[in-house]
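Following: one structure in structure tokens, then a few remarks.
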Amino acid sequence: MTANQIYETIAQSGVRPEMVFLCLRSNGKKISSRWCEAGAWRQALQKIYAEAVKTSQATVEVCLAHGGSSTTFNGLPGNRFRGLKAVEFECSGKAMMLSPTEMIARNLSFEQAWKKFLEENELDETKARKLAKLQIYQVAQFLVTVGETIKITKMFRGNEIRPLAMVNAAACAELTRTMAECMSKYVQEDGRLSYSYWPSRGVEGRGNNMIRQFMGTVCLFKMAQFYNSENYKALAERNLKYNFKNFYRLENGLGLIEEGLKVKLGAVALAALATIESSEEQFTERLFATTLHLSQSDGAFRTFYAPPERNDCQNFYPGEALLFWVSYYLSTGNHSLLDKIKKSFLYYRDWYRNDSNPAFIPWHTQAYYLLWRKLGDDSYRDFIFEMNDWLLPVQQWESAKSPDVQGQFYDPDRPFGPPHASSTGVYLEGLIDAYELARLCHDEHRMQNYGLAILRGVRSVMQLQYADDVDMFYISKKDMVRGAIRTTVYNNVIRIDNIQHNLMAMMKILKSGIFENKALLEPPH
């Protein structure tokens, strides 16, 4: 295929561009880029294509910017437009124009792009906000892959849309396998689990969180069980030993997980949950003692051992503690603990009903599902159904502003926080238990509702996975991100819980037999 044939093929999209962005990359690294006027882009494509054919592993981004609208500076576009629209800043004779593919590749928000424009041109922000003009463009995006054969891919936000029809048992199994392989790569030789990774820079990110770290440890053990893998088990044991060596200490007979000056109930509970999965059970009793220490006579939990004055995160940490308590009860048969669990259940059921929050639901769902399987108490069943019925409208489908965000759990009209891959994963962890509960109770209506939400959630996770050379067009270290889950469709950062929660959910989904449910079909609109 010649440059002229590429031009003609893309021109058949029917878009009449005002400006065109062309960018040549080799193995993800930018070699050259340029903006050109619409009348000059055929010639510009010929030049950049001539470079491309001499370059190994070459791709060319072609962005047709059209429908430009100019305005004075009265605010920047929202995140949902990142990766979809081009932006041009102009002030005091200075200008900068960014394509949506470049913003995805550099992981730039509109606010960060604006700051870079100011810095590069040494402009005072206060003055610039009064003088600057913005030009916002719609953009049609294409990726030309240059090799033995030429492939032209129409992109949406630097990716391709994964339709719901792609979600099946085989796709879910592949999603799970590649996530597990990626997760295993993030375990270092000394057992440390990388907390985050920045694909745009190809470097490990900063920060740490011991709740997410120990959730990762639990996930590694679950991987070992799911795949019956001694290699994964060895990774899990190595990671657990690293975490206890570096973050565990005893104080007055209590086992503590320290993160700086903080000791969180959630970190203690998840560390304890990891010990149940492992051969390091000598830590379990001391961590259990800490959760007892933080429990109250009315069934509530104090959520921080240190600093002692903190008692927030009630929608998260108590549910994590109850999941550990129920798991510990099931492994020990400790009936005095069961009495405490029942009291906490009543307390937090009232807590939820007074101020419902989606973050509360998956942890409590998982804990009470295990308890219902053991005791058969209808109060646990009814509360699980109550919570998950309430959760379903938080998931976006018809309400989604673009097709790539369909299936994520996010309600822009309620203050539950921004969309996040890890949120989708943990909601799926709870929903699959709710689905199994509905199946065991022969509740076909809820099976349909929960099952459809699960399939839609899997679609969202597939959209967020680094899966092929199209969505990794800007990444040079592909082996480090292949199989991983980015934070959102417009934020490419990888965090360990993005992978862990979704991997845990997929393993449960594959075990459930949900894909054998022939009645689980997309309803007509």
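Read in order, the letters of the sequence shown are residues 18 to 542 in the working numbering. Heads up, the beta-carbon is just placed ideally off N, CA and C, and yes, glycines get one too.
DSSP, reduced to helix, strand and coil, places Tyr507 outside both helices and strands of the structure shown, so it counts as coil.
Counting along the chain, no beta strand (DSSP E) covers Val422, and no H or E run does either. For Trp368, the three-state secondary structure derived from DSSP is helix. About 7 Å separates the Cβ atoms of Val235 and Leu287, confirming a contact at the 8 Å cut-off. Distances from the CA of Phe159 to each of Arg266, Thr170, Val478 and Tyr369 were compared; the closest alpha carbon is that of Thr170. Boundaries for Gly350: no alpha helix (DSSP H) harbours it, and the DSSP string shows neither H nor E there.
Secondary structure remark: continuous alpha helix (DSSP H) runs of at least 4 residues inside the stretch 466–514, in chain order: 495–498. Non-local beta-carbon contacts of Lys494 in its own chain, meaning distances under 6 Å to residues more than five positions away in sequence, involve Gly219 in chain order. For Lys418, same chain residues with a beta-carbon under 7 Å away, outside a window of 5 residues either side, are Arg97 in chain order. Per DSSP, Gly283 lies in no beta strand (DSSP E) segment; the continuous alpha helix (DSSP H) that holds it begins and ends at Leu282 to Glu294. In the structure shown, Glu276 adopts extended strand secondary structure according to DSSP, grouped into three states. Within a 10 Å sphere around the beta-carbon of Lys46 sit fewer than 16 other beta-carbons, which makes this residue exposed. Membership of Arg146 in the alpha helix (DSSP H) is indicated by the continuous run Glu142 to Leu148. Between the beta-carbon of Glu294 and that of Phe238 there is about 4 Å, and that keeps the pair under the 8 Å contact cut. Note that the stretch 66–75 does not touch the stretch 469–481; fewer than 3 beta-carbon pairs, one per stretch, sit closer than 8 Å.
A distance of 8 Å or more separates the beta carbons of Met120 and Leu520. Looking at the DSSP output, Leu267 bridges to Gly272. Only residues of its own chain outside the window of five on either side were considered, and among them Asp514, Asn515 and His518 have a CB closer than 6 Å to the CB of Ser439, listed in chain order.
With contacts defined by Cβ atoms closer than 8 Å, Leu192 and Arg476 do not form a contacting pair.
Within the model, the alpha-carbon separation for Tyr385 versus Arg398 is close to 8 Å. One Cα belongs to Ala190, the other to Leu527, and the distance between them is close to 7 Å. Check the Cα spacing between Val280 and each of Gly31, Tyr265 and Thr504: the tightest is with Tyr265. Ile178 is bridged by DSSP to nothing; it lacks a bridge partner. About 6 Å separates the beta carbons of Thr307 and Leu273, which is inside the 8 Å limit, making them a contact pair.
Ala112 carries a strand assignment under DSSP once its states are collapsed to helix, strand and coil. Runs of the beta strand (DSSP E) spanning 3 or more residues and lying entirely within the stretch 372–422 do not occur at all.
Shown here, Val32 sits in coil according to DSSP, grouped into three states, outside any helix or strand. Distance from the CA atom of Gln205 to the CA atom of Tyr214, rounded to whole angstroms, is 13 Å. Membership of Ala323 in the beta strand (DSSP E) is indicated by the continuous run Phe321 to Ala323. Residue nearest to Gly468 within the set Gly434, Lys525 and Val487 is Lys525 (criterion: CA-CA distance). Bridge pairing for His83: Gln155 [DSSP]. Gly336 sits close to Trp380, with the two beta carbons spaced by under 8 Å. Residue pairing by DSSP places Ser213 opposite Arg512 in a beta bridge. According to DSSP, residue pairing for Arg463 in a beta bridge does not occur. With a threshold of 16 other beta carbon atoms within 10 Å, Asn21 falls short and is exposed. Counting along the chain, the unbroken alpha helix (DSSP H) around Ser201 starts and ends at Ala186 to Lys202.
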